[in-house]
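So the protein lines, in turn, are chains A and B. Residues in the first sequence are numbered from 1 upward in steps of one, following the working numbering. Residues in the second sequence are numbered from 1 upward in steps of one, following the working numbering. The beta carbon of each residue, even a glycine, is placed where N, CA and C say it ideally should be. To start, the structure itself, in structure tokens.
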Amino acid sequence: MSLIFDYSQQGRRCSAPPVLTVPKITEPDPSELRNTDIGMPEVAEVDLVRHYMEFSKQAFGVDDGFYPLGSCTMKYNPKLNERTAAFQGFTDIHPLQSPETVQGALELMYDLQEKLCRITGMDAMTLQPAAGAHGEWTGLQLIAAYHRKRKDTKRTNVLVPDSAHGTNPASAAMVGFNIVNIPSDENGLVDVEKLKNYADENTAALMLTNPNTLGLFDTNIEKIAEIIHGVGGLLYYDGANLNAVMGISRPGDMGFDAVHLNLHKTFSTPHGGGGPGSGPVGCKKNLQEFLPVPVIEKNKDGFLLSYDRPDSIGKVKNFYGNFSVCVKAYTYITVLGASGLKEASENAVLNANYMLSSLREYSDMIYHDPCMHEFVLGLESLKKETGMSALDIAKTILDYGIHPPTMYFPLIVHEALMFEPTETESKETLDRVIRIIISIFERAKSDDETLHDSPSATIIGRPDEVKAARNPVLKY
Amino acid sequence: MASYVPSTNEERLEMLNKTGFSEMESLFAHIPANLRLDGKLDIEEGMSEADAERKLSDLASKNTVFRHIFKGAGAYNHYIPAVVSSMVSRNEFVTAYTPYQAEISQGVLKSIFEYQSMICRLLDMDVANASVYDGGSAAGEAVLMCAERKKNTVLMSSCMNPQTKMVVRTYCRSYGFNLVETEEENGRTKIDKIGEDVFAVIFSQPNYYGCIENSEEIVDKAHNSGAKCIMSVYPVAMSMLKTPGEVGADVAVGDGQPFGMPMAFGGPYLGFMAATQAMMRKLPGRIVGKTEDHSGRDAYVLTLQAREQHIKRERASSSICSNQALCALTATVYMSAMGKAGLKEVAEGCYYNAHYLADMFRKKGIEVEYDNFFSEFVTCHKKSVRELSAKCMEAGFMPGHAIDGPDGKRILWCTTEMNYKEEMDKLAEIVGGAE
Numbered sequence: 001m002s003l004i005f006d007y008s009q010q011g012r013r014c015s016a017p018p019v020l021t022v023p024k025i026t027e028p029d030p031s032e033l034r035n036t037d038i039g040m041p042e043v044a045e046v047d048l049v050r051h052y053m054e055f056s057k058q059a060f061g062v063d064d065g066f067y068p069l070g071s072c073t074m075k076y077n078p079k080l081n082e083r084t085a086a087f088q089g090f091t092d093i094h095p096l097q098s099p100e101t102v103q104g105a106l107e108l109m110y111d112l113q114e115k116l117c118r119i120t121g122m123d124a125m126t127l128q129p130a131a132g133a134h135g136e137w138t139g140l141q142l143i144a145a146y147h148r149k150r151k152d153t154k155r156t157n158v159l160v161p162d163s164a165h166g167t168n169p170a171s172a173a174m175v176g177f178n179i180v181n182i183p184s185d186e187n188g189l190v191d192v193e194k195l196k197n198y199a200d201e202n203t204a205a206l207m208l209t210n211p212n213t214l215g216l217f218d219t220n221i222e223k224i225a226e227i228i229h230g231v232g233g234l235l236y237y238d239g240a241n242l243n244a245v246m247g248i249s250r251p252g253d254m255g256f257d258a259v260h261l262n263l264h265k266t267f268s269t270p271h272g273g274g275g276p277g278s279g280p281v282g283c284k285k286n287l288q289e290f291l292p293v294p295v296i297e298k299n300k301d302g303f304l305l306s307y308d309r310p311d312s313i314g315k316v317k318n319f320y321g322n323f324s325v326c327v328k329a330y331t332y333i334t335v336l337g338a339s340g341l342k343e344a345s346e347n348a349v350l351n352a353n354y355m356l357s358s359l360r361e362y363s364d365m366i367y368h369d370p371c372m373h374e375f376v377l378g379l380e381s382l383k384k385e386t387g388m389s390a391l392d393i394a395k396t397i398l399d400y401g402i403h404p405p406t407m408y409f410p411l412i413v414h415e416a417l418m419f420e421p422t423e424t425e426s427k428e429t430l431d432r433v434i435r436i437i438i439s440i441f442e443r444a445k446s447d448d449e450t451l452h453d454s455p456s457a458t459i460i461g462r463p464d465e466v467k468a469a470r471n472p473v474l475k476y
Numbered sequence: 001m002a003s004y005v006p007s008t009n010e011e012r013l014e015m016l017n018k019t020g021f022s023e024m025e026s027l028f029a030h031i032p033a034n035l036r037l038d039g040k041l042d043i044e045e046g047m048s049e050a051d052a053e054r055k056l057s058d059l060a061s062k063n064t065v066f067r068h069i070f071k072g073a074g075a076y077n078h079y080i081p082a083v084v085s086s087m088v089s090r091n092e093f094v095t096a097y098t099p100y101q102a103e104i105s106q107g108v109l110k111s112i113f114e115y116q117s118m119i120c121r122l123l124d125m126d127v128a129n130a131s132v133y134d135g136g137s138a139a140g141e142a143v144l145m146c147a148e149r150k151k152n153t154v155l156m157s158s159c160m161n162p163q164t165k166m167v168v169r170t171y172c173r174s175y176g177f178n179l180v181e182t183e184e185e186n187g188r189t190k191i192d193k194i195g196e197d198v199f200a201v202i203f204s205q206p207n208y209y210g211c212i213e214n215s216e217e218i219v220d221k222a223h224n225s226g227a228k229c230i231m232s233v234y235p236v237a238m239s240m241l242k243t244p245g246e247v248g249a250d251v252a253v254g255d256g257q258p259f260g261m262p263m264a265f266g267g268p269y270l271g272f273m274a275a276t277q278a279m280m281r282k283l284p285g286r287i288v289g290k291t292e293d294h295s296g297r298d299a300y301v302l303t304l305q306a307r308e309q310h311i312k313r314e315r316a317s318s319s320i321c322s323n324q325a326l327c328a329l330t331a332t333v334y335m336s337a338m339g340k341a342g343l344k345e346v347a348e349g350c351y352y353n354a355h356y357l358a359d360m361f362r363k364k365g366i367e368v369e370y371d372n373f374f375s376e377f378v379t380c381h382k383k384s385v386r387e388l389s390a391k392c393m394e395a396g397f398m399p400g401h402a403i404d405g406p407d408g409k410r411i412l413w414c415t416t417e418m419n420y421k422e423e424m425d426k427l428a429e430i431v432g433g434a435e
């Protein structure tokens, strides 16, 4: 199991850059030059290819198998997206080219913004943030700017449910807000009565996702919006779970003032092993003036980029966003259209309920019937009875060539496994996976000790993470 | 119209039966009626893949692809070796999620470990993370890394890319830091005095004007005033110029787009971050470490996760969750494909081409500002640059960036290893003729 450095031999090379065609007019000052060795491996192309081919066989993508990671929406990544994003007219354009030479790119971004606004019920959208967390941070800055402009300096708190994804409080803290954790009730929803106590004139915003991280649609959302707006706060929507409600319900109609989306979840762009993604942020009119610059404008002559926004929060990233990722999402929305997006959400919810109906008996609690696009199994009783944890179950799933669900999230459920099958799985796949998971639960109940040692069919077993953190070895 | 949903109507009915709901609508009945969308989404209906491809192709054809590119200013036209494109389009890499399940992700984790190692070698730094969104946000995150309890001011070189400066400004305002810009002299950062309240000094190498800064001097000044120093670098230049490690920078950042990523209208790019050993635990984002499994085999994992949002939540040093994994892989394969020799040749191509072009401009009577540059340089023109830029574009040349706007007088030109004598001679003629 070598690294590329192990293949290095002095004097080997593959790619050759173009040869120098000009005379050397001047030489750099020696005192400015690097004295150390550049240290890159010297390899031949055939060895380079074989090495990364080996790595690709030690990776697992949606194209390899079932990937029910709750909260990640690992739906199929259409190959057409890859083709359109690779058009030369999209890859070989410079972001600072004269606007009249990039009207196609500007039109695509403008149209994508427009479509995302209609899907979410928002008035304006920016495509600049590069990921979900980046979008959250951007959205919270809009909210901070809004209160600042109103000269309301008391708005120091952001309310976050205890079931929220970690990026929510982290993003709010990055904007200088204090985090107030809101407890969930026994049904896993925001405790509306308690919320009334927490919401006051110090409340800048409440961050929510709906459906929430348990896969439940919070039917109290209108009441919640009333409470927060009633004290002068704003409502922020974490769009990670949008796949449950496209064409069915819109955050704008639920009362949200700002949203972020995850193009790499809901809109089918590939995850790439951990990026690049894209986290567009939408907002209602009250926050529009604060959006990052530049803003894409349309006039009678075409499209242009405007920096003329005196109250803009500035820039969260160089240039305009992860454009190629936007092309992929745009392609997806173009293929699916209004009915296709709704069909995606409907089938995502159906598939999750289908899986839940077969697995519910193994869980400590079921919050609601039906669930939405994802569901959580609580396995604390199983652990008490058999000593098998959610981790053991997840690691055993690896031996069957499928990806485990999300483990230990949300934090309010003990020994949690969160499943999100998505809409792009067939009934046969779901049936096969259900059989596998049930058989693992049955093995656990029959005290099959080998579950503690799983996985055993993978190229490594469980890594020693404690050692990794205690004695960090972070480079070759 | 495809929706990529495999289920047939019959299968859907079977599944509904199993769940105990009679129809699809029952799954959504609990959503309050007035929150239900009335009718359809107000966007176009879908279409076949072939029709969608034509629509996208039409949009792409409304963009002009130039064959002769002389613009940089944060996005660069470098050669992308065929082997790079080939390897990073492997489905397993493209469609994988973050490697949280190490046992089935060793390929991804090892490639990130290689990336971290190469970034450290490129910059002579001790530790690197798995990447962040881009060079601008990397600079912003670096400022957060250096924050200290009793100090609140950041000193930023005025000679940095304006886009990056805006991003750093946004990060500083978000965190409540005071941001001050340095003076500028002859196209370079000028620092006389650094106040006691400054906790970080940040500058670029080369800077926005292409000028080579005296990096050692800036780092020394920062340290002598008790501040940390962040160096934002053009990675191509690091094969030639003194590295952040050599001059003692505390944090090194930059944008890795030149290493195998197309210009792509601004993204996705690659933010790299590296630091000294002392700053290791302040690095945001993902980091891969080497360990063993319980049988003693080498194993790679995401590590030091106690810094991150999923553990620390509001006490995390940053909210950043994902990295730019596929872009980091691209850079890794690029650096391996180029190797020592290739990287050096690319840097030399950029450097010697720029000096040749500047010399040709001077011979045509164009005023070139500042001498000591790497691969970008500024010219100053008598008339507004609008017409000049138009002439270049008419002839199929993407001109340099009009840094004072289309009605200003200055242009920032960029050459890479992709430029060649014939086209540079032609450009000099066009530009000289327009003066």
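Taking each of A/VAL46, A/TYR76, A/HIS165, A/THR126 in turn and checking the Cα distance to A/PHE409, the smallest one comes out for A/HIS165. The beta carbon of A/ALA199 sits closer than 8 Å to the beta carbons of LEU159, LEU206, ILE227, ILE228, GLY230, VAL231, GLY233 from its chain, once the five residues preceding and following it are set aside; these are given in chain order. One thing to note: B/GLY267 has its Cβ within 8 Å of the Cβ of A/ALA130. B/GLU103: not part of any alpha helix (DSSP H); DSSP gives it neither H nor E. For B/PRO258, the closest of B/SER86, B/ALA390, B/PRO406, B/MET335 by C-alpha to C-alpha distance is B/MET335.
One Cα belongs to B/MET156, the other to A/GLY61, and the distance between them is close to 42 Å. Taking 7 Å as the Cβ-Cβ cut-off, the segment 275 to 309 of chain A approaches chain B at GLY275, PRO276, GLY277, given in chain order. For A/MET174, the closest Cβ of chain B is nearer than 8 Å. B/GLU49 and A/ARG118 have their C-alpha atoms roughly 22 Å apart. Shown here, A/ASP37 sits in coil according to DSSP, grouped into three states, outside any helix or strand. Here A/LEU33 is exposed: its Cβ has fewer than 16 other Cβ atoms, across all protein chains shown, within 10 Å. The beta carbons of B/SER7 and A/SER426 sit closer together than 8 Å. Separation of B/PHE177 and B/SER137 (C-alpha to C-alpha, rounded to the nearest whole angstrom) is 16 Å.
Listed in chain order, the non-local C-beta contacts of B/LYS391 below 7 Å within the same chain comprise ILE430, ALA434, local neighbours out to five positions each way being set aside. As the crow flies, the alpha-carbon of B/GLU196 is around 16 Å from that of B/VAL219. Annotation: the continuous beta strand (DSSP E) that includes B/MET273 extends over 271 to 275. The continuous beta strand (DSSP E) containing B/GLU181 extends over residues 178 to 181.
B/ILE80 and A/LEU291 have their alpha carbons spaced roughly 34 Å apart.
Between A/PHE87 and B/ALA60 a beta carbon distance of about 4 Å is seen, short of the 8 Å cut, so the two are scored as contacting.
Around A/GLY70, the same chain offers GLU374, PRO405, THR406, MET418, PHE419, GLU420 as residues with beta carbons nearer than 6 Å, after the five sequence neighbours per side are excluded. Within chain B, the C-beta atoms nearer than 8 Å to that of A/GLU42 come from GLY339, LYS340, ALA341, in chain order. Of the other Cβ atoms in all chains shown, 16 or more fall within 10 Å of the Cβ of A/HIS94; this residue is therefore buried. Exclusion of the five residues before and after B/VAL84 leaves GLY260, THR330, VAL333, TYR334, ALA337 as the residues of its chain whose Cβ lies within less than 8 Å of its Cβ. In this structure, the beta-carbon distance from B/MET263 to A/ASP364 does not fall below 8 Å. Per the C-alpha coordinates, the member of A/ALA59, A/THR101, A/VAL433 positioned closest to A/ASP301 is A/THR101. Taken atom to atom, the span from the alpha-carbon of B/ASP38 to that of B/ASN17 is near 27 Å. The beta-carbon of B/LEU13 is placed no less than 8 Å from the nearest beta-carbon of chain A. Taking a cut-off of 8 Å for Cβ pairs, the segment 170 to 190 of chain B and the segment 324 to 338 of chain A do not touch, as fewer than three such pairs fall below it. Going by DSSP, B/GLN205 is part of the beta strand (DSSP E) stretching over 198 to 205.
When DSSP states are grouped into helix, strand and coil, B/ASP371 belongs to the coil group. Around B/GLU292, the same chain offers ALA299 as residues with beta carbons nearer than 6 Å, after the five sequence neighbours per side are excluded.
According to the DSSP assignment, B/PRO244 belongs to the alpha helix (DSSP H) that extends over 244 to 247. With respect to chain B, the C-beta atom of A/TYR198 has no partner C-beta closer than 8 Å.
When rounded, the separation of the alpha-carbon atoms in A/ALA352 and A/PRO463 is 31 Å. B/MET418 is not a Cβ neighbour of A/PRO28, given a cutoff of 8 Å.
If you draw a straight line from the Cα of A/SER389 to the Cα of B/ALA200, it comes to about 46 Å.
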